[in-house]
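2 protein chains.
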Amino acid sequence: MTLNKHTWCIIMAGGLGSRFWPISRTDNPKQFIDVTGVGKSMLQLTFHRFEKICPRQNIVIVTGEQYADRVREQVPGLLPYQVLSEPLRRNTAPCVAYAAAVISQIDPMATLIVSPSDHAIFHEDKFIADIQQAVQTVALREWIITLGAQPLRPDTSYGYIQFNEKPSLPRALNLHKVVTFTEKPPLEMARQFIASGEFYWNAGIFVWQLSALRKAYEEHLPAIAESFFSLGLSTPWEELERVYSQCEAISIDNGIMEKAGNVHVMTASFGWSDVETWDSLYNVAKHDSNGNAIFSSNVFTYNTRNTLIVTPQNDNKTIVLEGLDGYIVAVNQDTIMVCNRKNEEMVFRFASDVELKKLIDNK
Amino acid sequence: MTLNKHTWCIIMAGGLGSRFWPISRTDNPKQFIDVTGVGKSMLQLTFHRFEKICPRQNIVIVTGEQYADRVREQVPGLLPYQVLSEPLRRNTAPCVAYAAAVISQIDPMATLIVSPSDHAIFHEDKFIADIQQAVQTVALREWIITLGAQPLRPDTSYGYIQFNEKPSLPRALNLHKVVTFTEKPPLEMARQFIASGEFYWNAGIFVWQLSALRKAYEEHLPAIAESFFSLGLSTPWEELERVYSQCEAISIDNGIMEKAGNVHVMTASFGWSDVETWDSLYNVAKHDSNGNAIFSSNVFTYNTRNTLIVTPQNDNKTIVLEGLDGYIVAVNQDTIMVCNRKNEEMVFRFASDVELKKLIDNK
Chain A
1 MTLNKHTWCI
11 IMAGGLGSRF
21 WPISRTDNPK
31 QFIDVTGVGK
41 SMLQLTFHRF
51 EKICPRQNIV
61 IVTGEQYADR
71 VREQVPGLLP
81 YQVLSEPLRR
91 NTAPCVAYAA
101 AVISQIDPMA
111 TLIVSPSDHA
121 IFHEDKFIAD
131 IQQAVQTVAL
141 REWIITLGAQ
151 PLRPDTSYGY
161 IQFNEKPSLP
171 RALNLHKVVT
181 FTEKPPLEMA
191 RQFIASGEFY
201 WNAGIFVWQL
211 SALRKAYEEH
221 LPAIAESFFS
231 LGLSTPWEEL
241 ERVYSQCEAI
251 SIDNGIMEKA
261 GNVHVMTASF
271 GWSDVETWDS
281 LYNVAKHDSN
291 GNAIFSSNVF
301 TYNTRNTLIV
311 TPQNDNKTIV
321 LEGLDGYIVA
331 VNQDTIMVCN
341 RKNEEMVFRF
351 ASDVELKKLI
361 DNK
Chain B
364 MTLNKHTWCI
374 IMAGGLGSRF
384 WPISRTDNPK
394 QFIDVTGVGK
404 SMLQLTFHRF
414 EKICPRQNIV
424 IVTGEQYADR
434 VREQVPGLLP
444 YQVLSEPLRR
454 NTAPCVAYAA
464 AVISQIDPMA
474 TLIVSPSDHA
484 IFHEDKFIAD
494 IQQAVQTVAL
504 REWIITLGAQ
514 PLRPDTSYGY
524 IQFNEKPSLP
534 RALNLHKVVT
544 FTEKPPLEMA
554 RQFIASGEFY
564 WNAGIFVWQL
574 SALRKAYEEH
584 LPAIAESFFS
594 LGLSTPWEEL
604 ERVYSQCEAI
614 SIDNGIMEKA
624 GNVHVMTASF
634 GWSDVETWDS
644 LYNVAKHDSN
654 GNAIFSSNVF
664 TYNTRNTLIV
674 TPQNDNKTIV
684 LEGLDGYIVA
694 VNQDTIMVCN
704 RKNEEMVFRF
714 ASDVELKKLI
724 DNK
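Here the protein sequences come in this chain order: A and B. For reference, each letter of the first sequence is one residue, going 1 to 363 in the numbering used here. For reference, each letter of the second sequence is one residue, going 364 to 726 in the numbering used here.
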């Protein structure tokens, strides 16, 4: 299969990933970690997936300045424009504008796939087919296609997309016009969304032509469009710092998707999870007959059920668990965490407590 | 205080310690481990305790051949006769006979304190006073004094000593003649023992003159007496192997104490635990306000109660526990164990399962 030279991918790899503590931390966020125990980091998995969709040199990774070396280490041999460092965190709208502006200098005819770097995709063949359908669809239309995943539970940490019942095209039953976007609804609302059957989870993957993207930015985020699309292929760092320090911090969902009238949602036929929390990893993982999800090579469980067990791939520690039901056991080089799955939001507190103690100990 | 040059101590340090898995194992049994997190191994604690009772050169450690180097490493500067290696495991009666035979070559007037190497003693000053009283008492009498600890619960893993209500001596109300020894009684029997008020736990510490010891062996274990007391100060290894391979494997409790008519029990005024199991360590440990016993410098607990947490002293791992009640969390360099305290006897199974997998993996 030849890859279309006008298909480009923007991978957003600037996340801090503190929800996955202790495996991911600010100095080692989730996208750089082999969360699912397959021997590749989330970023590597994402990159290799897109190598099957567009030419390797058409994949651009945007990340924080402090992570740029990490990106080049994990994906060796990238050209300079393929790793874009952001001087400041300004959410996703500036991030995508920056990458699109750089790509526009190389290929004004580009079709862009915008993707997070740290989500889990199951059934890669279906993912590739979906994305290709989206790319072909937007080639003929000034549409923004967003990928929507079938919601499995009333998760309040996800974005929800309400869609028009009528398919957008007579021959593409998996494409519907977007009616509303709702970020992180309260539980009762999430329940109603699911019960109605009119909502998808927002998978955070967008497909559109560069020209459509630019038009959308110019209409809905004119200040960002103006400062980013006037940048050249290689912008001096000071200039970039100036642009970022002056620009609004806003997500692409809030800044574009909620306002644009031409957004269509494509039903993902692949399996998807943002794997943003331990519990979401548990939910997407394979379970053994006791309901345990084990991402670790050397685990012995006894009377243990519904428990998620994660160690780094290269770690040879033996883990023996007896009498646990519904826990998260996460181990890295220097930390061991055992936490009831129901209380997984406490990892924020764990992380800050541990950091605080380190600060005090070092004083 | 000058130490009596005829007071000797035999420390039995040949245990395999598999009940403390994963911290202790056959290649690293409990006596060599800093179980209680004070920076010294159980053997070192025991040795230093006896240095306050008898001259350093009067302390003899008997251990398995494979552990002799470990002993010399942990207690440096010992003379050759102070570390006696046993070629085979033959329980405690041959072990004590061997050490007594060696000591008899140096000091026929010796008074002997026989002690395990891996028990926990609390209130060291009281321990020293008790032992000194016992030493003084046997100096004048051909008695065997065994130390008895007040039983705290119907523990079925301990030995029980039934004592005569009447004190053995008018002025020593803490000394009673022994009526029976019972090793590891069934639970119902242990309950009755405790209810009766006539029983102590057998702390496994014996005080007697060398001459009384020899007489007891000659009477109750004549074969062992004959082969061991004919040995010289430094026996060729082959000769020792021959003696051990031919001798009966029997405990000093079964072989001597249960049969001898001159055994008296002294009520220990110190705190004692054989610390033979995780739960016994939990029971003797200091508890925080949530009932947690923490032998670890870097532990964060949340909603966690009645849990024992042990890491090696020199280990800097951070341990975060949430939502555990009544567990054992034991961590060493290569293994992490979380086990319900109620099922702690399963550590035997864990150990063998882990060893088996290692064997299979290495094939």
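Ideal Cβ positions, reconstructed from N, Cα and C, are used throughout, including at glycine. As the structure is a prediction and not an experimental result, all values here were calculated from the model.
Rounded straight-line distance, which links the Cα of residue j to that of residue i
i      : j      : result
B/G440 : B/E639 : 29 Å
A/R72  : B/L722 : 40 Å
B/V425 : B/F663 : 40 Å
B/G686 : B/T667 : 5 Å
B/A473 : B/V647 : 33 Å
B/A631 : B/I691 : 29 Å
B/F713 : A/V320 : 7 Å
A/T92  : A/V310 : 29 Å
B/L538 : B/N669 : 36 Å
B/P471 : B/E582 : 19 Å
A/L112 : B/E707 : 58 Å
A/Y158 : A/P94  : 21 Å
A/Y244 : A/P87  : 7 Å
A/D194 : B/K720 : Checking the sequence, you will find Ile at residue 194 of chain A rather than Asp. Taking the straight line joining both Cα atoms gives about 46 Å.
B/L584 : B/Y461 : 13 Å
B/L536 : B/N679 : 48 Å
A/P64  : A/Y302 : Per the sequence shown, the amino acid found at residue 64 of chain A is Gly instead of Pro. Distance between the alpha carbons of A/G64 and A/Y302: 43 Å.
B/A566 : A/N290 : 43 Å
A/N196 : A/W272 : The residue asked about is misnamed: residue 196 of chain A is Ser in this sequence, not Asn. The alpha-carbon atoms of A/S196 and A/W272 are separated by roughly 21 Å.
A/Q31  : B/R453 : 58 Å
B/S480 : B/Q445 : 14 Å
A/H119 : A/I106 : 28 Å
Cβ of residue i within 8 Å of any chain B Cβ
i      : result
A/I336 : yes
A/V354 : yes
A/L306 : Before going further, note that residue 306 of chain A is Asn rather than Leu in the sequence given. So, not an interface residue.
A/Y244 : no
A/F350 : yes
Proximity to residue i [Cα-Cα], best of the options
i      : options                        : result
B/V339 : A/E183, A/E73, A/Y244, A/A330  : There is simply no residue 339 of chain B to check, as chain B begins at 364 and stops at 726 in what is shown.
B/T620 : B/W506, B/W371, B/C372, B/N655 : The question names Thr, but residue 620 of chain B in the sequence shown is Met. Selected option, being the one with the closest Cα: B/W506.
B/L644 : B/R577, B/T399, B/R453         : B/T399
A/A100 : A/H119, A/R191, A/S227, A/A120 : A/S227
A/W237 : A/S85, A/I128, A/P170, A/D34   : A/S85
B/A502 : B/S659, B/W571, B/Q437         : B/W571
A/G232 : A/L169, A/F181, A/I103         : A/I103
A/N164 : A/A172, A/N262, A/V179         : A/V179
A/E124 : A/F348, A/F270, A/H287, A/G326 : A/F270
B/I587 : B/C610, B/L573, B/E604         : B/C610
B/I416 : B/R605, B/G624, B/K578, B/L366 : B/L366
A/S24  : A/F348, A/N254, A/A260         : A/F348
A/G326 : A/N340, A/T318, A/D334         : A/N340
Interface flag, residue i vs chain A, CB-CB below 8 Å
i      : result
B/G686 : yes
B/N703 : yes
B/N655 : no
Cross-chain neighbours of residue i in chain B, by beta carbon under 7 Å
i      : result
A/I319 : I699
A/Y302 : M709
Under 8 Å by beta carbon: chain A residues contacting residue i
i      : result
B/N679 : D334
B/N725 : None at all; the shortest Cβ gap to chain A is about 13 Å.
Proximal chain A residues relative to residue i, where beta-carbon distance stays under 7 Å
i      : result
B/V694 : I336
Contact list for residue i against chain B, beta-carbon separation under 9 Å
i      : result
A/N343 : Y665, N666, E685, G686
(request) Within the stretch 393-437 of chain B, note down every full alpha helix (DSSP H) run reaching 4 residues or more, in order along the chain. (result) Counting only runs of 4+ residues, the alpha helix (DSSP H) found wholly inside the stretch 393-437 of chain B occupies 405-414, 431-437, in chain order.
(message) So within the stretch 87-128 of chain A, which uninterrupted beta strand (DSSP E) runs reach at least 3 residues, ignoring any that extend past its ends?
(response) If we require 3 residues or more, the beta strand (DSSP E) runs fully inside the stretch 87-128 of chain A come out as 111-116, 120-122.
(request) Please specify which runs of the alpha helix (DSSP H), each continuous and at least 4 residues long, are wholly inside the stretch 490-566 of chain B, giving them in chain order. (result) Correct list: 550-559.
(request) List in chain order: all unbroken beta strand (DSSP E) runs of 3+ residues lying wholly within the stretch 611-670 of chain B. (result) Fully enclosed beta strand (DSSP E) runs of 3 or longer: 626-630, 634-636, 656-658, 662-665.
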